[in-house]
Amino acid sequence: MMQYIVAMLLVPGLLIGWLLVQHISRKYAQAHPELGEFREEGGGCGKSCGCKGKSSCQRES
Numbered sequence: 000m001m002q003y004i005v006a007m008l009l010v011p012g013l014l015i016g017w018l019l020v021q022h023i024s025r026k027y028a029q030a031h032p033e034l035g036e037f038r039e040e041g042g043g044c045g046k047s048c049g050c051k052g053k054s055s056c057q058r059e060s
């Protein structure tokens, strides 16, 4: 029973932690524009947009 309680607390805790890390990194990128634009994870062509190669990708960098 204790394992279920730990899992029920750990999984949402990890999710909230990851959202906090993303928020901090976005704020840091806003404060330091000289470092370039903030890139979301999987935001490039060929990673998660479903295109093969770079010829059909709508989001080109």
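Numbering (numbering that gives the first Met the number 0), first residue to last: 0 to 60. We put the beta carbon where it would ideally sit given N, CA and C, even for glycine. Please read these numbers as outputs of a predicted model, since none were measured by experiment.
Sequence-distant Cβ neighbours of S24 in its own chain, meaning closer than 8 Å and more than five residues away, are F37. According to the DSSP assignment, H22 belongs to the alpha helix (DSSP H) that extends over M1 to A30. Between the alpha carbons of Y3 and W17 lies a gap of roughly 21 Å. Here E36 carries a coil assignment [DSSP, helix/strand/coil].
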